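Protein sequence lines, in the order shown, are assigned to chains G and X. Residue 190 is where the first sequence ends in numbering that gives the first Met the number 0, and the numbering goes up by one at each step. Residue 190 is where the second sequence ends in numbering that gives the first Met the number 0, and the numbering goes up by one at each step. First the structure, in the form of structure tokens, and then the observations on it.
2 protein chains.
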Amino acid sequence: MEGLRKHFEKFIHLTDKEWDAFSCKLQRKQLAARTYLLEQGEVCTFVAFIEKGAFRFFYNRDGEERITAFFFAGDAVSNYRSFLTGLPSEHIIESLQESVFWIIQKKDLYELFNAYPNIDRLGRFIAENLYLTVARRLDSFLFDSPEKRYDDLLRRNSRLLQDVPQFMLASYLGIKPESLSRIRKRKTKKA
Amino acid sequence: MEGLRKHFEKFIHLTDKEWDAFSCKLQRKQLAARTYLLEQGEVCTFVAFIEKGAFRFFYNRDGEERITAFFFAGDAVSNYRSFLTGLPSEHIIESLQESVFWIIQKKDLYELFNAYPNIDRLGRFIAENLYLTVARRLDSFLFDSPEKRYDDLLRRNSRLLQDVPQFMLASYLGIKPESLSRIRKRKTKKA
DNA sequence: CGCACTTCTTAACTTAAGTCAATGTCTGAC
DNA sequence: GTCAGACATTGACTTAAGTTAAGAAGTGCG
Numbered sequence: 000m001e002g003l004r005k006h007f008e009k010f011i012h013l014t015d016k017e018w019d020a021f022s023c024k025l026q027r028k029q030l031a032a033r034t035y036l037l038e039q040g041e042v043c044t045f046v047a048f049i050e051k052g053a054f055r056f057f058y059n060r061d062g063e064e065r066i067t068a069f070f071f072a073g074d075a076v077s078n079y080r081s082f083l084t085g086l087p088s089e090h091i092i093e094s095l096q097e098s099v100f101w102i103i104q105k106k107d108l109y110e111l112f113n114a115y116p117n118i119d120r121l122g123r124f125i126a127e128n129l130y131l132t133v134a135r136r137l138d139s140f141l142f143d144s145p146e147k148r149y150d151d152l153l154r155r156n157s158r159l160l161q162d163v164p165q166f167m168l169a170s171y172l173g174i175k176p177e178s179l180s181r182i183r184k185r186k187t188k189k190a
Numbered sequence: 000m001e002g003l004r005k006h007f008e009k010f011i012h013l014t015d016k017e018w019d020a021f022s023c024k025l026q027r028k029q030l031a032a033r034t035y036l037l038e039q040g041e042v043c044t045f046v047a048f049i050e051k052g053a054f055r056f057f058y059n060r061d062g063e064e065r066i067t068a069f070f071f072a073g074d075a076v077s078n079y080r081s082f083l084t085g086l087p088s089e090h091i092i093e094s095l096q097e098s099v100f101w102i103i104q105k106k107d108l109y110e111l112f113n114a115y116p117n118i119d120r121l122g123r124f125i126a127e128n129l130y131l132t133v134a135r136r137l138d139s140f141l142f143d144s145p146e147k148r149y150d151d152l153l154r155r156n157s158r159l160l161q162d163v164p165q166f167m168l169a170s171y172l173g174i175k176p177e178s179l180s181r182i183r184k185r186k187t188k189k190a
């Protein structure tokens with residue numbers, strides 16, 4: 000749990016009082032590998048802070064899946080859209096490995112937001128960070144070919160490659176596993 | 000300026016005191032059509048609230064352009080990435096029409112954040128909203144064909160079609176003008 | 001050990017976007 | 001009115017991803 004506090008320090012320093020108020024609302028949870036944390040159609044009423052493990056955030060339409068994001072230790076995971084709007088989630092959150100995380104309920108979080116401006120601000124920082132991540136990802140779809148996106152992934156996010164099977168990477172890149180396989184083949188030929 | 004306050008009411012109610020503190024930091028500006036509000040390489044130190052007009056937020060690489068977003072009356076426009084990180088902007092913000100907007104400087108805004116928790120929270124709401132917009136857009140790139148994205152644009156965002164030339168729409172959809180032209184042709188054949 | 005299952009690769013074919021070039025179409029400036 | 005420039009369309013060709021199907025490689029389980 001102290002690890003979590005350290006992660007927050009990247010964004011903002013919470014006083015002991017603020018941290019106590021926050022942390023006593025957290026509930027520790029564990030999830031086996033390949034298990035749903037949030038189902039499709041469910042309203043997301045929580046934010047989870049990952050201590051250990053990995054999650055994928057994906058969308059299932061007519062049996063086809065697309066992975067919107069991966070989350071790892073130190074990340075906050077939630078369907079933020081459903082959380083904010085109160086609408087049923089279109090996405091599924093699934094653990095990829097056995098994971099440990101801390102859940103805070105929306106109701107509790109909003110009470111903290113009201114009681115502690117610093118925690119509200121932490122919420123802003125988290126939202127801003129989410130925005131930066133997804134905006135960068137959007138730009139990569141606007142400008143780059145799947146091959147370029149794969150290269151960038153290799154370079155920047157090697158954690159993904161260790162923990163995530165090929166076909167999920169393909170989904171994350173917005174292509175089919177067959178296409179990723181061909182991209183990889185083209186690459187070895189060049190090298 | 001009261002129009003701007005009304006827009007904020009969608010997110011949060013500011014007291015007169017809060018609004019006064021905020022609004023006296025705003026500077027009214029005007030810009031002719033097709034003029035840069037932010038250059039590539041410049042650090043973005045402001046947020047602009049649009050009263051009238053339209054902007055495009057785009058990226059220029061080796062002479063090729065991709066439009067990341069459009070902004071219209073009621074929207075907050077900024078290079079939020081550059082604003083938050085202090086890094087030079089990769090994107091350009093350009094007015095599409097003659098526009099009127101209110102600028103607030105980062106320094107002033109951060110002072111307001113510190114002095115008025117409600118304004119800090121408004122900042123959170125704006126960041127959250129930005130996130131929702133860009134996350135939805137990312138999903139459309141993950142799942143939908145350019146043709147589907149164009150259809151959705153027609154249905155949801157007719158304002159874009161009135162104010163924005165074809166070749167910019169293509170760029171926004173992540174395709175070339177020729178391809179958009181062909182998509183439109185396929186459409187008329189079907190109908 | 002061998003079977004079943006999942007993942008990854010390969011191949012043949014289809015589909016649609018990119019590229020390049022030419023031709024319309026429209027608009028504003030003079 | 002005409003000319004120049006920007007925008008949109010069209011056509012021929014290239015490129016790469018999607019589709020379908022088959023087989024190879026790896027993994028876990030009885």
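Glycine included, each C-beta is placed from N, C-alpha and C at the ideal position. As the structure is a computational prediction, the values presented were derived from the model and not from experiment.
Beta carbon of residue i nearer than 7 Å to that of residue j
i, j, result
"G/Ile103", "G/Val46", "yes"
"X/Arg123", "G/Ala126", "yes"
"G/Leu168", "G/Pro145", "no"
"X/Leu191", "X/Phe48", "An answer regarding residue 191 of chain X cannot be provided, because it is not within the stretch 0 to 190 covered by chain X."
"X/Leu111", "X/Phe21", "yes"
"X/Tyr130", "X/His90", "no"
"G/Phe69", "G/Val76", "no"
"X/Pro116", "G/Pro116", "yes"
"X/Asp107", "X/Lys24", "yes"
"G/Phe140", "X/Phe140", "yes"
Proximal residues of chain X, C-beta to C-beta of residue i below 7 Å
i, result
"G/Thr187", "Here the premise fails: no neighbours, minimum Cβ distance about 27 Å."
"G/Gly173", "Phe140, Leu141"
"G/Arg80", "Leu131, Ala134"
Buried or exposed by the 16-neighbour rule on C-beta atoms within 10 Å, applied to residue i
i, result
"G/His12", "exposed"
"X/Gly52", "buried"
"X/Glu8", "exposed"
"X/Ser98", "buried"
"X/Ala134", "buried"
"X/Ala114", "exposed"
"G/Ala32", "exposed"
"G/Ser157", "exposed"
"X/Glu1", "exposed"
"X/Glu177", "exposed"
"G/Tyr109", "exposed"
"X/Glu38", "exposed"
Contact set between residue i and chain G, taken where Cβ atoms lie within less than 7 Å
i, result
"X/Glu127", "Leu83, Ala126"
"X/Phe142", "Tyr58, Arg60, Arg65"
"X/Pro116", "Pro116, Asp119"
Residue i: contacting residues in chain G (beta-carbon distance under 9 Å)
i, result
"X/Arg54", "The amino acid at residue 54 of chain X is misidentified as Arg; the sequence shows Phe. Within 9 Å Cβ-Cβ: nothing; X/Phe54 doesn't reach chain G, min ~16 Å."
Interface residues of chain G facing residue i [CB-CB closer than 8 Å]
i, result
"X/Val133", "Tyr130, Val133, Ala134, Leu137"
"X/Pro164", "Result: empty, since nearest Cβ-Cβ is about 18 Å, beyond 8 Å."
Chain X contact residues for residue i, given Cβ-Cβ distances below 8 Å
i, result
"G/Pro87", "Going along chain X, no residue has its Cβ under 8 Å from G/Pro87, so there is no contact; the nearest lies around 15 Å."
"G/Arg123", "Asp119, Arg120, Gly122, Arg123, Ala126"
Top-ranked residue by Cα proximity to residue i, from the options
i, options, result
"G/Trp101", "G/Asp74, G/Pro176, G/Ile118, G/Asn156", "G/Asp74"
"G/Glu64", "G/Ser94, G/Arg185, G/Glu1, G/Ser170", "G/Ser170"
"G/Leu36", "G/Gln26, G/Arg55, G/Lys147, G/Cys23", "G/Arg55"
"X/Tyr149", "X/Asp15, X/Ser180, X/Asp162", "X/Ser180"
"G/Leu30", "G/Thr132, G/Ser94, G/Pro116, G/Asp138", "G/Ser94"
"G/Lys105", "G/Asp151, G/Ser81, G/Asn117, G/Ile92", "G/Ser81"
"G/Leu137", "X/Gly62, X/Glu50, X/Ile66", "X/Ile66"
"X/Lys5", "X/Asn128, X/Glu50, X/Phe142", "X/Glu50"
"G/Ala72", "G/Lys147, G/Gln96, G/Phe166", "G/Gln96"
"X/Thr34", "X/Asp61, X/Ile92, X/Gly62, X/Thr44", "X/Ile92"
"X/Lys186", "X/Ile174, X/Arg155, X/Lys175, X/Lys147", "X/Lys147"
"G/Gly40", "G/Asp151, G/Pro87, G/Ile118, G/Asp15", "G/Pro87"
"G/Leu153", "G/Arg183, G/Gly85, G/Asp61", "G/Arg183"
"G/Phe10", "G/Asp151, G/Asn78, G/Gln161, G/Ile118", "G/Ile118"
Contacts that residue i makes with chain X (C-beta to C-beta distance below 9 Å)
i, result
"G/Ser176", "Reading off the sequence shown, one finds Pro at residue 176 of chain G, where the question assumed Ser. In chain order: nothing, as chain X lies at least about 15 Å away."
Runs of alpha helix (DSSP H) lying entirely within the segment 9 to 66 of chain G, each at least 4 residues, in chain order: 15 to 22
Beta strand (DSSP E) segments (min. 3 residues) lying fully within the segment 131 to 190 of chain X: none
In chain order, each beta strand (DSSP E) run of at least 3 residues that lies wholly inside the segment 73 to 118 of chain G: Entirely contained in the segment 73 to 118 of chain G, the beta strand (DSSP E) runs reaching 3 residues are, in chain order, 90 to 94, 98 to 104.
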